[in-house]
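Participant: Take 6 as the starting number for the sequence shown in this note's numbering and just add one per residue. All C-beta atoms, glycine included, are put in the ideal place defined by N, C-alpha and C. Take this structure, written in C-alpha cells, and hold onto it; I'll ask about it next.
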Amino acid sequence: MDYAPDNLLITGGAGFIGANFVRHWLSRPGTGPVVVLDALTYAGNQANLRGLEHDSRYSFVRGDICDEALVSRLMAEHRIDTIVHFAAESHVDRSILGPDDFIRTNVVGTHALLKAAKKIWLDEKAVRAHRFHHVSTDEVYGSLGLSDPAFHELTPYAPNSPYSASKAASDHLVRAYRETYGLHTTLTNCSNNYGPYQFPEKLLPLLIINILSGKPLPVYGDGLQIRDWLHVADHCRAIELVLTRGMVGEVYNIGGNCETTNMQIVRAICRQMDELLQADANLLKSYPQSPAARGKPAETLITHVRDRPGHDRRYAIDFSKASRELGYAPSFDLAAGLRSTIEWYLLNTAWWQPLLGRDYAQWVQSNYSAR
Ligand code: NAD
Ligand code: TYD
C-alpha cells in the first residue's frame, strides 16, 4: 500500500541534493511541513534554500545530526513521521585527506538519527506510521571491471575510500535497525549526481567555473574512469517514488543511464561551453580569461594530474528494480542535462562566486603530492 508522509525531517537539506529535494518536495501539491536540519558545514549553504523562507510549511534548524537530544526534540515537537537523511560528508578527495569527519557524521551521525527514530517511533509510539529513508551511494559496491555487470541491489559491498567505507557502515546500521528493532526503513544507492547547487569542488561545477576563469581542468590519471551521471532532478523524483511507493525494508539502486568516461564528460562540457560563450558577446566580455574569449577551444585547458589514491575505475547501476517496482526512469539524457546545468551556473554566478575561497583542485593536488 502507498505511504503518505505527513511531517518530514530532512537532514542535510542545505547541501546539494538535499536542497534540490526540499524544493522538489515543497513543489508537490498538498505536501505537509518540512523541517530542515543542517549543520551548515563548508558544503551547507542556506542560499541553496533561498525563497523558501516565505513558505509557511518550511522551517530550518541549524544543528548537528550527532546531537541525538536535538533530533529527538525536533521529532517530538514537529510530530515527524518521515526522515529523509542526506546529511553527510560527501567528497571522496576530502575523505582521503581527512577521514575523521566522515566517520563522525556518516557513521556516528547516522547512528544518532537511528537511535532518536527508534526512541520516538518505536519506544514512545509517537506516530501511527513512520519511514526512515537513507540516501546512500553506489560507491559502497566498490569498483567494476569494463565488462562486469552493473551494480544491483545484491552486489556485495566492497568500499575502497574512507568516504564509501563510512557510507557502507551507515547502510549496515540502517539495515541492523530494520532487522533488529523493526524500524521502517528504505535505502537508495545512487550514482554520481549533477545539476544546480552542486558545490564547486565536485567535477562538473569545477570544470564549468575553471573554463570561465581560464584555469586548468584537472583530469585525474588517464581520465578513463567511468561514472553513471544522474541529474539531481531525476534523483529527487526517485526518492519521492521510494518514499511513497517503496516497500518497507527495501533497497533501490538509482542510476541515470549515462555511463561515461571522465574524458568524455570533460570534452562534452568543453564543447558546450565553447558554443555558449561564442554565441554570446556579453559572456565573452564577462569572462575575458576564458579560452573562448582568447580564440581557443576550452579543451586546451585539459591537464592530466596525479591520480586519486585508490581511485575506483568504473561505477554502473542496474536500476531495473526501481523501474519495475516504482516506475522509475531517468528523464535527462546527458547532453540535455549538461546544457541545463551549464546554463544554471552561467545564470547564477552570485551563488557560486562567494564559494570560491580556495582553489579546490590545487588544494587537493598539493595535499596528495605532500603525502
Ligand atoms: P553535500 O556535501 O552537498 O551536502 C551535505 C549536507 O550535509 C551539507 O548541507 C552539510 O552542511 C550537511 N551536514 C554535514 N555534516 C552534518 C552534520 N553532522 N549534521 C547536520 N548536517 C550536516 O552532499 P550531497 O552531494 O548533497 O549528498 C547528499 C547525500 O547523497 C549524501 O549522503 C551523499 O553521501 C549521498 N550521495 C551523493 C552523491 C553525489 O553525487 N553528490 C551520489 C550518491 C550519494
Ligand atoms: P567526484 O565529482 O569527486 O565524484 P566521485 O569521486 O564521488 O565519483 O569525481 C567524479 C570523477 O571525476 C571521479 O572519477 C574523479 C574525477 N575527478 C577528476 O578527474 N578531476 C577532478 O578535479 C575531480 C574533482 C574529480
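Judging by CA-CA distance, which residue of Ile259, Ile307, Tyr292, Asn50 is the nearest neighbour of Asp323?
Facilitator: It is Ile259.
Participant: Spatial neighbours of Ala44 within its chain, please: CB distance less than 6 Å, with the 5 preceding and 5 following residues excluded, ordered by chain position.
Facilitator: For Ala44, where only same-chain residues beyond five positions count, the Cβ hits under 6 Å are Asp69.
Participant: Do you know offhand how far Tyr186's Cα is from His90's?
Facilitator: Looking at the two C-alpha atoms, the distance is approximately 19 Å.
Participant: Using the Cβ count rule (16 or more neighbours within 10 Å means buried), how would you classify Ala48?
Facilitator: It is buried - the Cβ of Ala48 has at least 16 other Cβ atoms within 10 Å.
Participant: Helix, strand or coil for Leu208? Go by DSSP, reduced to three states.
Facilitator: In this structure, Leu208 counts as helix in the three-state DSSP scheme.
Participant: I need the DSSP call for Thr464, collapsed to helix, strand or coil.
Facilitator: Limits of the chain in this structure are 6 at one end and 376 at the other, which puts residue 464 out of reach.
Participant: Check Asn198 in the structure and name its three-state DSSP category.
Facilitator: Here Asn198 sits in strand by DSSP.
Participant: What alpha helix (DSSP H) runs, 4 residues minimum, are completely inside the segment 268 to 306?
Facilitator: List check, alpha helix (DSSP H) in window: 286 to 291.
Participant: Give me the residue from Glu129, Pro104, Ile108, Ala163 with the minimum Cα distance to Arg80.
Facilitator: It should be noted that the sequence gives Met, not Arg, for residue 80. If we check each option's Cα against that of Met80, Glu129 comes out closest.
Participant: Taking 7 Å as the cut-off, is the C-beta of Glu264 nearer than that to any heavy atom in the ligand TYD?
Facilitator: Every heavy atom of the ligand TYD is 7 Å or more from the Cβ of Glu264, so no.
Participant: Shorter than 7 Å, the distance from the beta carbon of Gly200 to the closest heavy atom of the ligand NAD, or not?
Facilitator: No, Cβ of Gly200 sits at least 7 Å from all heavy atoms of the ligand NAD.
Participant: Closer than 7 Å to a non-hydrogen atom of the ligand NAD - does that hold for the CB of Gly228?
Facilitator: No - the ligand NAD has no heavy atom lying nearer than 7 Å to the Cβ of Gly228.
Participant: Please return the same chain residues whose Cβ sits closer than 6 Å to the Cβ of Met278, not counting the five positions on each side in sequence.
Facilitator: Excluding sequence neighbours, Met278 sits near Ile216, Ala303.
Participant: State yes or no: is the C-beta of Pro223 nearer than 7 Å to some heavy atom of the ligand TYD?
Facilitator: True, at least one ligand heavy atom lies under 7 Å from that Cβ.
Participant: Say yes only if the C-beta of Asp43 is nearer than 7 Å to one or more non-hydrogen atoms of the ligand NAD, and no if none qualify.
Facilitator: Correct: Asp43 has its Cβ closer than 7 Å to the ligand NAD.
Participant: Can at least three beta-carbon pairs, one atom from the segment 153 to 167 and one from the segment 311 to 322, be found at a separation below 8 Å?
Facilitator: With the cut-off at 8 Å, the segment 153 to 167 and the segment 311 to 322 touch.
Participant: Per the contact definition of three or more C-beta pairs closer than 8 Å, is the segment 166 to 186 in contact with the segment 112 to 121?
Facilitator: With a cut-off of 8 Å, the segment 166 to 186 and the segment 112 to 121 count as touching, because enough Cβ pairs lie within range.
Participant: Span of the beta strand (DSSP E) holding Ser64?
Facilitator: Counting along the chain, the beta strand (DSSP E) containing Ser64 begins and ends at 63 to 67.
Participant: Less than 8 Å between the beta carbons of Leu360 and Val256, yes or no?
Facilitator: The answer is no: Cβ separation not under 8 Å.
Participant: Among Asp105, Arg329, Ile125, His316, which has the Cα closest to the Cα of Tyr225?
Facilitator: Among Asp105, Arg329, Ile125, His316, the Cα nearest to that of Tyr225 belongs to His316.
Participant: Looking only at its own chain, which residues have a Cβ that is under 6 Å from the Cβ of Leu102, when we skip the five neighbours before and after it?
Facilitator: Same-chain partners within the cutoff: Asn372.
Participant: Less than 8 Å between the beta carbons of Arg242 and Asn197, yes or no?
Facilitator: No, the Cβ-Cβ distance between Arg242 and Asn197 is not below 8 Å.
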